[in-house]
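Written below as structure tokens is the structure these notes are about.
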């Protein structure tokens with residue numbers, strides 16, 4: 003249990019499943035006040051009930067939010083921050099994927115990925131920026147992906163969204179540094195969550211519990227960026243970036 007001086011007010015998007023759910027539980031178990039958002043309010047309430055079972059002294063708030071409806075971020079997130087009494091940590095975790103290929107009439111699916119993964123994150127950050135600036139402290143965490151390292155055939159919109167997330171957060175870090183705000187970007191490899199469970203291949207897969215705990219530890223250490231798990235994905239990332247384009251284009255979608 004955290005003592006009062008270290009108790010945080012944490013807001014998490016996409017908290018109904020996968021990494022978001024596990025992070026919510028970890029922060030709840032640590033005694034922090036948490037606010038959970040996702041599209042499925044009923045599922046959030048079940049998670050909140052679980053957290054209250056071992057965090058009787060902490061606040062556990064829930065709110066329905068589809069981050070792709072960007073204007074809703076500006077309605078929901080500041081209210082949650084107000085109800086929590088501030089926001090020390092914002093974890094922009096909500097994300098989706100799609101399998102699509104050129105000429106497959108996939109524009110609407112691709113647009114939804116960009117609207118959720120990129121614009122939803124940017125809207126969330128913008129919605130809370132005045133809270134962080136007024137406090138002159140806080141931490142913004144964006145969940146990117148190792149898919150951001152190179153454009154993956156068959157996952158064009160997903161790779162694009164995550165590469166943009168990483169670049170946006172890198173730029174943001176320099177903009178808010180003097181305001182006392184930290185920015186962390188996390189690049190998970192294959193962590194066993196619904197976003198990748200339909201894929202034929204998931205190399206170096208780790209459980210969601212193990213993956214989320216590693217992410218939690220990286221966030222709490224205040225890193226600027228981290229690949230999770232570090233091994234082998236940090237090394238794979240170096241390899242991915244070093245492959246010449248004429249060889250990379252030979253990779254085919256599965």
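Numbering (the working numbering), first residue to last: 3 to 256.
Where is the CB? At the ideal position from N, CA and C, for every residue including glycine.
Note that the structure is a prediction, hence the values are computed from the model and not measured.
- About 17 Å separates the CB atoms of residue 91 and residue 167; that is not less than 8 Å, and the two are not in contact.
- DSSP places residue 93 outside any alpha helix (DSSP H); the residue lies instead in the beta strand (DSSP E), whose first and last residues are 91 to 94.
- Closest in C-alpha terms to residue 10, from the list 51, 238, 86, comes 86.
- Counting other Cβ atoms within 10 Å of its Cβ, residue 24 reaches 16 or more and is therefore classed as buried.
- Under DSSP, residue 227 takes part in a beta bridge, and its partners are 187.
- The Cβ atoms of residue 117 and residue 159 do not sit closer than 8 Å to each other.
- Taking residue 56 as the centre and dropping the five residues before and after it, the same chain places the C-beta of 30, 31 closer than 8 Å to its C-beta, in chain order.
- The residues 188, 189, 190, 191, 193, 213, 216, 217, 220, in chain order, have a CB closer than 8 Å to that of residue 230 in the same chain once the five nearest residues on each side in sequence are set aside.
- Of the residues assessed, residue 141 falls on the buried side of the cut-off, its CB having 16 or more other CB atoms within 10 angstroms.
- Under the Cβ criterion (8 Å, minimum of three pairs), the region 199 to 208 does not count as touching the region 240 to 247.
- In chain order, 206 place their CB closer than 7 Å to the CB of residue 234, counting only its own chain and leaving out the 5 sequence neighbours on each side.
- Secondary structure at residue 20: helix, using DSSP grouped into helix, strand and coil.
- Here residue 134 is buried. Its C-beta has 16 or more other C-beta atoms within 10 Å.
- Around the C-beta of residue 164, 16 or more other C-beta atoms lie within 10 Å, and the residue is accordingly described as buried.
- Residue pairing by DSSP leaves residue 161 without any beta bridge partner.
- The beta-carbon distance between residue 130 and residue 79, rounded to whole angstroms, is 5 Å. This is short enough to meet the 8 Å contact definition.
- The beta carbon of residue 84 lies closer than 6 Å to none in the same chain, with the five residues before and after it left out.
- Taking a C-beta distance under 8 Å as the contact criterion, residue 99 and residue 115 qualify as a contact pair.
- The beta carbon of residue 197 lies closer than 8 Å to those of 20, 97, 98, 99 in the same chain, with the five residues before and after it left out.
- In this structure, the alpha-carbon of residue 150 lies about 21 Å from that of residue 209.
- Counting along the chain, the unbroken alpha helix (DSSP H) around residue 79 starts and ends at 72 to 86.
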